[in-house]
């Protein structure tokens, strides 16, 4: 699986990148048909404490999935975004079982 990580308005540190890669590998084990993922991390300039945004687009054969979440840390944003994608992928899998 090819993972592209883009950080906007900041430089992602190695620890954050490793965290994301680990989470994506875990997701890939559950749904092994993932071809690639585009991940965009944004630091919103707002004064709100929940200004860390994670957008993840996953490519599987014949379909793309997208989720976007915002929270107070990038790790939390990535976690909740991946949870949303897991639900989308489960529905997609269920659709083809019928």
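In my numbering, the protein residues as written are -17 to 80. Where is the CB? At the ideal position from N, CA and C, for every residue including glycine.
- Between residue -7 and the set 17, 9, 10, 34, the nearest pair of CA atoms involves 34.
- Taking all protein chains shown into account, residue 60 has 16 or more neighbouring C-beta atoms within 10 Å of its C-beta and is therefore buried.
- Each residue's CA atom was taken as its position, placing residue 13 and residue 71 some 8 Å apart.
- An exposed status is given to residue 48, since fewer than 16 other beta-carbon atoms sit within 10 Å of its beta-carbon.
- Around the Cβ of residue 23, a 10 Å sphere holds 16 or more other Cβ atoms; the residue is buried.
- Close CB contacts of residue 50 within its chain, under the 6 Å cut and outside five residues either way in sequence, are with 37 (chain order).
- By DSSP's assignment, residue 48 forms a beta bridge with 39.
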